[in-house]
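Peer 1: Per our numbering, the sequence shown starts with residue 15, numbered consecutively.
This is the structure, below, for whatever I ask next.
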Amino acid sequence: MESETPELTAGQEYERALMTCVHCGLCLNACPTYLETGSEADSPRGRIVLMGAMYRGEIDPGAADFRKHIDRCLGCRACEVACPSAVPYGDLVDVARHVINESRGTVQRNVRVALLDSLTNPAKMRISAAASRLTGGVPRQALRLLAGDPDGVGDKPMPAPRVSDAPPLPAIIPAIGQRRARVGMLTGCVMRVMYGDVNQDTAAVLAANGCEVLVNQKQGCCGALHLHNGFDERGEALARQLIDAFTPFDGLDAIIINSAGCGSSMKAYGSMLAGDPKYAARAAAFSAKIKDITEFLDELGMTAPMKPIDMLATYHDACHLAQAQRITSAPRRVLEAVPGLSLVPLDESEVCCGSAGIYNLTEPALARGLQARKVANIVATGATTVITGNPGCMAWIEAGLKDANIRVAHPVTILREALVAPVNL
């Protein structure tokens, strides 16, 4: 008689995941913070050692050194791509961040929550953006409260975020010509405020390629920023709310995402809510329909006629698209389909630009180092346009290129510009 495999507790699962690391070091040169600092403690392998010590009770999760090295992780998950042992590093560091959040001082924890809540509420974000423009950017004192590490803040305020004046999308955008698909679309939080024009471009390109686009006017945040920063309960609550918002649209062929960070989290709803009897099946079905815009267009095939564009461009791989979702070829294929566009390779395209959600606010010194590294590589290509599929990357790279004559654009913006027939929404 076969013996049943005993069910592991959450702690045992965590310990087993930690033990899958064989400390080979293949992750080191894939890790942006290790490339910047050269410190073993700022590498995935080093952090796994630290997390193991925390799990065994040998390190207090509130200890400054432990917290510093976990906080310095970008969550880019490049190490997972490089790892031959399939260590679930992203899950491990998310748990560590949750534990660390419980040990933070009340003021710092509340400041972080307030920042996340403002970034994921479009109305609050517009007010915050206006306030930061009036004060010349996010002041250094605020960065100190966020980081809890005065030495890592630097002496410059962070630039104020841009605000788009694009109008909101209508609830229904009909397909142009024969309808080939019926899709829903996430308008996002940061994307809605900072890059509403990209939402317009996304809907236009979908419609031009035969898609009816439904935009739920009641949709909220996907929870990605909270989840990536260890505020699990809030992130899961937002995930449930988003699933509820899209439930009336059952029967969609896909739910389209134009923000890599949102897409990576939404594709994980099924596993994240697997233990919730009310949402498990709905979350799994929802996640199965999530498609990045470039992934979807690559699979569907683009039929809208395009005119030549004289453009020398390069492409930056957003971490949560390339590493978390493992989508690297589709964006390049859809861009290479644009007549006249020449796509040149970018050195270290897969290395994080330093934006990483709120990382450029909580770890501004390291973020600026990675920004400078990315900008130097972009300039070296000779391209006049750098293309990437995540709003955080777009804004952070754009800030780094402010003195260079290089445009930053989302793939759908280029695709819309190439359409022979304009699409009016």
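Virtual Cβ for every residue (Gly too), placed ideally from N, Cα, C.
Residues bridged to residue 197 by DSSP?
Peer 2: BP columns for residue 197 point to 227, 268.
Peer 1: With a CB to CB cut of under 7 Å and the five nearest residues on each side skipped, what residues in its chain are close to residue 360?
Peer 2: Around residue 360: 328, 329, 330, 391, 392, 395.
Peer 1: At which residues does the alpha helix (DSSP H) containing residue 69 begin and terminate?
Peer 2: Here the alpha helix (DSSP H) through residue 69 covers 58-69.
Peer 1: Could you tell me the distance, in whole angstroms, from the CA atom of residue 117 to the CA atom of residue 362?
Peer 2: Distance between the alpha carbons of residue 117 and residue 362: 36 Å.
Peer 1: Compare the C-alpha of residue 265 against each of 300, 107, 236 and name the closest.
Peer 2: Nearest C-alpha to residue 265: 300.
Peer 1: Residue 428 and residue 314: beta carbons closer than 9 Å?
Peer 2: In this structure, residue 314 does not lie closer than 9 Å to residue 428 by Cβ.
Peer 1: Tell me whether residue 355 is buried or exposed, calling it buried when 16 or more other Cβ atoms sit within 10 Å of its Cβ.
Peer 2: Residue 355 should be labelled buried.
Peer 1: Of the residues 210, 296, 130, 81, which one's Cα is nearest the Cα of residue 107?
Peer 2: Of 210, 296, 130, 81, the residue nearest in Cα terms is 81.
Peer 1: Could I get the ranges of all uninterrupted alpha helix (DSSP H) runs contained in the stretch 332-405, with 4 residues as the minimum, in chain order?
Peer 2: Correct list: 333-336, 343-350, 373-376, 378-395.
Peer 1: Please identify the residue among 353, 244, 255 whose C-alpha is closest to the C-alpha of residue 87.
Peer 2: The residue with the shortest Cα to Cα distance from residue 87 is 244.
Peer 1: With distances taken between CB atoms, is the gap from residue 338 to residue 91 smaller than 9 Å?
Peer 2: In contact: residue 338 and residue 91 (Cβ atoms closer than 9 Å).
Peer 1: Could you work out which residue in 289, 221, 241 is closest to residue 126 when comparing CA atoms only?
Peer 2: Considering only alpha carbons, the answer is 241.
Peer 1: Between which two residues does the beta strand (DSSP E) harbouring residue 329 extend?
Peer 2: Run containing residue 329: 325-329, per the beta strand (DSSP E) assignment.
Peer 1: Thinking C-alpha only, which one of 27, 365, 32, 421 is nearest residue 401?
Peer 2: Comparing Cα-Cα distances from residue 401 to each of 27, 365, 32, 421, the minimum goes to 421.
Peer 1: With a cut-off of 8 Å on the beta carbons, I'd call residue 224 and residue 194 a contact; round off their distance for me.
Peer 2: The pair is a contact, with the Cβ atoms about 3 Å apart (cut-off 8 Å).
Peer 1: Use the C-beta contact count for residue 288: other C-beta atoms within 10 angstroms, 16 or more gives buried, fewer gives exposed.
Peer 2: Exposed, because fewer than 16 other Cβ atoms sit within 10 Å of the Cβ of residue 288.
Peer 1: Determine the DSSP secondary structure at residue 126, reduced to helix, strand or coil.
Peer 2: In the structure shown, residue 126 sits in a helix (DSSP, three-state: H, G or I).
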